[in-house]
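A short write-up of the structure that comes next.
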Amino acid sequence: MVKESTSPLVKHMVNQLRDAHCDAFRFRWILKELAKQLLAECCGVLPLMERKIPTWQGNFVGSFVDESRITCVCILRAALPMQDGVLEVLGEAEGGFLAMKRDEQTHESRLYYDRIPDISGKTVIVVDPMVATGGSLHDALALLKERQPKQIISLNAIGAREGVERIEKAFPDVDLHIAQIDPTLNKDAYIVPGLGDAGDRAYNTI
Ligand code: PRP
Ligand code: URA
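Note that numbering that gives the first Met the number 0 has the sequence shown beginning at 0, numbered continuously upward.
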């Protein structure tokens, strides 16, 4: 299931990311806050639990997100600020890392680092700002599914329509929450209008 945000605040954040004058520090900050907004949009599918806590009025039983059942996986490197945002809200969740790099010629992604804890039976939140051809996210989801999580949620900033449709077709059971779907890719497989290279924008390597 793909859900594109309709929140004016989310659109406001995405459009600030597109601005060529948005420097790396602010770019990372917006990605982090955007991830929190997208997390709020997907919270209906997060695992919940009842917990008894002491309060100034005695014990109180309330509903909490079961953070111990959640692993947030980031696809390095541009997704690091998004993972920070999710883990700021869900402080007891685990973090996992997949490093992938697109080949500039073939546009195929290549996995070069994998540090994922045991995710069997867990809720996995994958973060990656960009879904261009969808190749990186496709390979990440295929790898994660092999490890038998209970469910996978993907939080993304901008996707090209064809990349998002590719993911939806291959993984109809993944809940993909995306801030903005853009119309197309250019000949170098960059999203248009997009925001350029998210990793370079975030880490000042343009
Ligand atoms: C970017 C982005 C995605 C990928 C999307 O990463 O963060 O992971 O490209 O493109 P795709 O949908 O066509 O696979 P990149 O490979 O540039 O690595 P980086 O984050 O280290 O810059
Ligand atoms: N990766 C990016 O960071 N941006 C794009 O537009 C495509 C792939």
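We treat Cβ as the ideally placed atom computed from N, Cα and C, and that holds for glycine.
Here the segment 59–77 lies against the segment 92–101, with 3 or more beta-carbon pairs under 8 Å apart.
In the DSSP annotation of this structure, the continuous segment of the alpha helix (DSSP H) that includes TYR202 starts and ends at 197–202. Taking a cut-off of 5 Å from the heavy atoms of ligand 2, the residues with a C-beta inside it are MET129, ALA131, TYR189, ILE190, GLY193, ASP196, ALA197. A straight-line Cα-Cα distance of about 28 Å links ASP196 and ASP172. Pairing MET48 with LEU142, the inter-Cα distance amounts to about 28 Å. Between the C-alpha atoms of ILE124 and GLY158 there is a straight-line separation of about 17 Å. Under a 10 Å Cβ-count criterion, ASP83 is classified as buried, with 16 or more other Cβ atoms of the shown protein chains found around its own Cβ. Residue pairing for GLN179: DSSP places it in a beta bridge opposite ILE157. By the criterion of a C-beta distance shorter than 6 Å, GLN179 is surrounded in its chain by VAL13, ILE157, once the five residues flanking it on both sides are discounted.
Counting only the Cα atoms, ILE190 lies some 32 Å from GLY90. In the DSSP assignment, no residue is bridged to TRP28. Residue pairing for TYR112: DSSP places it in a beta bridge opposite ALA98.
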